[in-house]
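Protein chains in written order, with this note's numbering: chain A, 1 to 233; chain B, 1001 to 1233.
Protein chains: 2
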Amino acid sequence: MSEKNYDVKQEVTDKYSLRGRVFSRLREDILSGKYAEHEELKEVTIGEELGVSRTPVREAFRQLELEGLIQIIPNKGAYVTGITEKDVKDIYMIRSLLEGLCASWATEHITDEQMEEMEENVYLAKFHAEKGHYDQLAELDNRFHEILYEACNSKYLEHTLKDFHQYVIRVRRKTLSNVNRGPKSNEEHEAIMEAIKEKNAKKAQDLANKHILSAYENLVKSGLKEAFDTTEK
Amino acid sequence: MSEKNYDVKQEVTDKYSLRGRVFSRLREDILSGKYAEHEELKEVTIGEELGVSRTPVREAFRQLELEGLIQIIPNKGAYVTGITEKDVKDIYMIRSLLEGLCASWATEHITDEQMEEMEENVYLAKFHAEKGHYDQLAELDNRFHEILYEACNSKYLEHTLKDFHQYVIRVRRKTLSNVNRGPKSNEEHEAIMEAIKEKNAKKAQDLANKHILSAYENLVKSGLKEAFDTTEK
DNA sequence: CCTCGTATAATTGTATACAATCATACGAGG
DNA sequence: CCTCGTATGATTGTATACAATTATACGAGG
């Protein structure tokens, strides 16, 4: 009966192995923009920076390649993958669909604890929005979506959405986070949450769908183009 | 101007490096069912089998983990990931949505060469269907979808769909491929193709959507449950 | 007979050494 | 001055050695 839960908790391995730490660290650094796009990552350099040998670095590279964050050219090097304006749009369109599906499924499968964390999240976000704590607001925004992903009860959908969400976080850091978006976003979160509470899957799906699209529109408005302008300011 | 095409042609690296060959080989073997689910893969054993050292094997393991084909427990081992009946259903539902989006985008971006290959594919499939060549039919079926993925002009959507498609191929091999499905599937392919030709994106989306759902229903009918019955026959 | 702890074996994790490949510099030949 | 080929250095690819961790076996103590 213990056959069921093969939860792929990769986060666990990440903490306790050098490879995992290198992987997480590099992903973080790439997403946060520490490494410029198309920058070459050298195994020894990274290894020295993190105080490890090439082996764990190489293994981390292979994973980063599969995540699409770097591109490895055989016998040549590893390069930070560029992400274009169109890529961002594509990802949001894909996410919009899947996030809707996710909300729909979450309506049927969300646990009491998850529901509780979600309510807490929305409540807290409302507080920080009033206070103007935009960093915490962004953090809560990310977490809201992760809760939703975990609540859908599908490891594949969860994994896919988390991947795309990572990319989005990366992009969001490039654009100046629009201070006006935070409160509006949280209102939409609340609406989605209410729909889930009412067990109205269709409504939750529709709201989640629109939520992502409106997030994208906001991104465009708040200077997506500028962020992708090759001429660095 | 040459800034645009950063095609992640991983297939290339796969052919020329040991790691790539190990990765491809293991993936193939896992998907084809050579390794049973939950079977432990030992680094030295695999290395000996393929005539390489542990290093490329380990790197391949890390990639397979990220693809979800194996699960690595730190300091313990690598195990072939189980895929449940529910996973299959989830994947088909996700694919249905994305395949629709893909068809819609393909309508706007398909190239003449891709259109030509698609027509040839459908034509050939019709031929093999009449002759009862089910192996070729399955091969063409897979290829049709890959053409569609490539035609959508989005590397992220393409990558995501190809991943899920891989899983489906794996499952399809477990169920006895239903001989009646082949021709029907090809008819649906043709309809999708026609919609794309007519530049009717909405129709293509809708048809692709339904195509995946009907493929799933067929899968269920032709013994999905039996294939996942733990009591091996 | 059961429980617990220790020793041993097996396996993975990491570091390093060596081989292969690629990029660059430099000089001979035209 | 340009072109091409060779030599040299840098970087990745692979193999192997060693460390750390985990699983197993076995025996002492209760």
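Quick reminder that beta carbons are idealized off the backbone N, C-alpha and C, glycines included.
Close beta carbons around residue i, own chain, < 7 Å, minus the five adjacent residues each side
i, result
"Arg-1058(B)", "Glu-1043"
"Gly-68(A)", "Thr-81"
"Gln-1063(B)", "Phe-1023"
"Thr-1160(B)", "Leu-1098"
"Leu-124(A)", "Leu-140"
"Val-1052(B)", "Leu-1018 and Val-1022"
Proximity of residue i and residue j at Cβ, strictly below 8 Å
i, j, result
"Leu-98(A)", "Leu-1097(B)", "yes"
"Gln-114(A)", "Ala-151(A)", "yes"
"Ile-70(A)", "Leu-50(A)", "no"
"Ala-103(A)", "Ala-208(A)", "yes"
"His-1109(B)", "Asn-1153(B)", "yes"
"Phe-1164(B)", "Ile-1094(B)", "yes"
"Pro-56(A)", "Arg-27(A)", "no"
"Ile-169(A)", "Leu-31(A)", "yes"
"Phe-1247(B)", "His-1189(B)", "Summary: the structure shown does not reach residue 1247(B), with chain B confined to residues 1001 through 1233, and so no result is reported for it."
"Phe-228(A)", "Glu-85(A)", "yes"
"Ser-17(A)", "Pro-1074(B)", "yes"
"Leu-157(A)", "Leu-101(A)", "yes"
"Ala-201(A)", "Thr-107(A)", "yes"
"Lys-131(A)", "Tyr-149(A)", "no"
Cutoff 6 Å; reference residue i; Cβ partners in own chain excluding five residues on either side
i, result
"Val-1171(B)", "Val-1088"
"Tyr-1167(B)", "Ile-1091"
"Arg-1181(B)", "Asn-1218"
"Ala-195(A)", "Lys-203, Ala-204 and Leu-207"
"Ala-78(A)", "Leu-41, Phe-61, Ile-70 and Ile-72"
Closer than 8 Å to chain A by CB, residue i
i, result
"Trp-1205(B)", "Note on identity: in this sequence residue 1205(B) is Gln, with Trp being the wrong assignment. No - not a single Cβ of chain A is within 8 Å of the one on Gln-1205(B)."
"Ala-1215(B)", "no"
"Gln-1063(B)", "yes"
Below-8 Å beta-carbon distance, residue i vs any chain B residue
i, result
"Pro-74(A)", "yes"
"Ser-17(A)", "yes"
"Thr-231(A)", "Model confidence at Thr-231(A) stands at a pLDDT of 49, short of 50, so the residue's coordinates are unreliable; what they give is reported in the following sentence. Chain B contact via Cβ: absent."
Residue i in three-state terms, based on DSSP
i, result
"Ala-1078(B)", "strand"
"Leu-69(A)", "coil"
"Glu-1039(B)", "coil"
"Thr-1240(B)", "Not covered by the structure: residue 1240(B). The range shown for chain B is 1001 to 1233."
"Lys-1162(B)", "helix"
"Ser-1096(B)", "helix"
"Glu-1217(B)", "helix"
"Gly-310(A)", "There is no way to answer for residue 310(A), as the model of chain A reaches only from 1 to 233."
"Thr-84(A)", "coil"
"Gly-1182(B)", "helix"
"Asn-1153(B)", "coil"
"Lys-126(A)", "helix"
"Lys-1034(B)", "coil"
"Gly-1051(B)", "coil"
"Asn-200(A)", "coil"
"Ser-1024(B)", "helix"
"Ser-1222(B)", "coil"
"His-1017(B)", "The amino acid occupying residue 1017(B) in the given sequence is Ser; His does not appear at that position. Three-state result, Ser-1017(B): coil."
Cβ-based neighbour list, residue i, same chain, cut-off 8 Å, excluding 5 preceding and 5 following
i, result
"Ile-1147(B)", "Gln-1114, Glu-1117, Met-1118 and Asn-1121"
"Arg-54(A)", "Glu-43, Val-44 and Gly-47"
"Ala-1129(B)", "Leu-1137, Gly-1182, Pro-1183 and Asn-1186"
"Glu-198(A)", "none"
"Asp-29(A)", "Tyr-35"
Original post:
Using Cβ-Cβ distances below 8 Å, what residues of the stretch 1142-1159 of chain B are close to chain A?
Top reply: Answer set for the stretch 1142-1159 of chain B: Ser-1154, Lys-1155, Tyr-1156, Leu-1157 and His-1159.
Original post:
For the stretch 88-104 of chain A, which residues have a CB atom closer than 8 Å to at least one CB atom of chain B, in sequence order?
Top reply: Residues of the stretch 88-104 of chain A with a C-beta atom less than 8 Å from some C-beta of chain B are Asp-90, Ile-91, Met-93, Ile-94, Leu-97, Leu-98 and Leu-101, listed in chain order.
**OP:** For the stretch 1045-1071 of chain B, enumerate the residues whose C-beta is nearer than 9 Å to any C-beta of chain A, in chain order.
**Re:** So the close ones are Thr-1055, Arg-1058, Glu-1059, Ala-1060, Phe-1061, Arg-1062, Gln-1063, Glu-1065, Leu-1066, Glu-1067, Gly-1068 and Gln-1071.
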